[in-house]
Structure formats: structure tokens, C-alpha cells
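Report on the following structure.
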Amino acid sequence: MEGHENDVRLGPLEKDGEKMMSRLESGSMIGILSKSEVMYVFRLNGDYQCFIHPLGAPEGRRKALPGDEEHRAVVKNLAALADQLFEIEYQPDMHPMGVMEAAERGIIEFLDMIGQLPVEDHDFMA
Numbered sequence: 013m014e015g016h017e018n019d020v021r022l023g024p025l026e027k028d029g030e031k032m033m034s035r036l037e038s039g040s041m042i043g044i045l046s047k048s049e050v051m052y053v054f055r056l057n058g059d060y061q062c063f064i065h066p067l068g069a070p071e072g073r074r075k076a077l078p079g080d081e082e083h084r085a086v087v088k089n090l091a092a093l094a095d096q097l098f099e100i101e102y103q104p105d106m107h108p109m110g111v112m113e114a115a116e117r118g119i120i121e122f123l124d125m126i127g128q129l130p131v132e133d134h135d136f137m138a
């Protein structure tokens, strides 16, 4: 697609651990949605980088896991626990934070479009 080489591409991914790991190994980032939190996982220097935060929130946390077989199994098992998986394709020279920001906008729009955007907790006693 001419003129779209630098786009961040987002698509739903089947909840299959091996397929998810294959996409990670090929350079994609994976968005793992669980309730109203999303975890972005990608490979950097052989390790798994995991950035976790509530959808649309500015705060979050990061955890790096070694790229060994034990931690590969941990990451692979996340597919079965997820509500939804997303494959995020991007160019290797793109900054991961920008990729996550663009992907999150797409995830929120997608969930809203299909009527599955998580509802915030409301305090009905207020």
C-alpha cells in the first residue's frame, strides 16, 4: 500500500497461544485485553516487554520478562486468559510508545463499534 508504509496496523487475533507467539516472533506487538486493562507485549533484545494499563488511562506499569522457554510459556498462556487479542503491526524503527498510543485508539474504537467497550465503574451512592 503506497503511502501507508508507516501506518500502525491493528487487527483482532485468534485466542491461540502458538499463533500469538508466532506473531510476536515475527516482530508484531500483541495487545492483550482483560476486562478494562490492556497489556502490550513485544520482543526487544530477546526479552518480552510488557506494558500494562487501564484502557484510555495515562498511568501504567512495565515488566520485562526474559526470553527463555519458561517465560515464553507464561506469555503464551496469556492468550487463554484474555478477553480479546489484537495483533499490532508496525515498522521496526517506530517508537514503541507511539505504536501503543496509536493501537490503543484503534482498540477503543473497535470495542466501541462492536458494543464491547468496558463500562467504567460508577458510584451509585454518590
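Just so we're on the same page, my numbering is the position in the sequence shown counted from 1, plus 12.
The C-beta atom is built at its ideal place from N, Cα and C for all residues, glycine as well.
Fair warning: this is a prediction, and the values are worked out from it, not measured in the lab.
Start and end residues, alpha helix (DSSP H) containing residue i
i	result
I126	I126 -> no alpha helix (DSSP H), and no H or E assigned at all.
E101	Premise fails: E101 lies in the beta strand (DSSP E), 96-101, not in any alpha helix (DSSP H).
Residue i, DSSP secondary structure in three states
i	result
M32	helix
P130	coil
P24	strand
M137	Reliability of the predicted coordinates at M137 is poor, the pLDDT of 44 falling under 50, and the value obtained from them is presented with this limitation in mind. It is coil, neither helix nor strand.
Neighbourhood of residue i by C-beta distance below 6 Å, restricted to the same chain and skipping five residues each side
i	result
D95	L45, S46
Nearest to residue i (by Cα), restricted to the options the options
i	options	result
I126	E17, D19, L36, P24	P24
D19	Y60, Q128, Q103	Q103
M51	R117, G110, R74, S34	R74
Range covered by the beta strand (DSSP E) that runs through residue i
i	result
A76	73-77
G49	Residue identity check: residue 49 is Glu in the sequence provided, not Gly. First-last of the beta strand (DSSP E) with E49: 49-56.
Contacts around residue i, its chain only, beta-carbon distance under 8 Å, and the 5 residues preceding and following it disregarded
i	result
E49	I64, H65, P66, L67
E37	R55
Contacts around residue i, its chain only, beta-carbon distance under 7 Å, and the 5 residues preceding and following it disregarded
i	result
G58	G79
G72	F63, I64, H65
A91	K27, D28, G29, M32, L97
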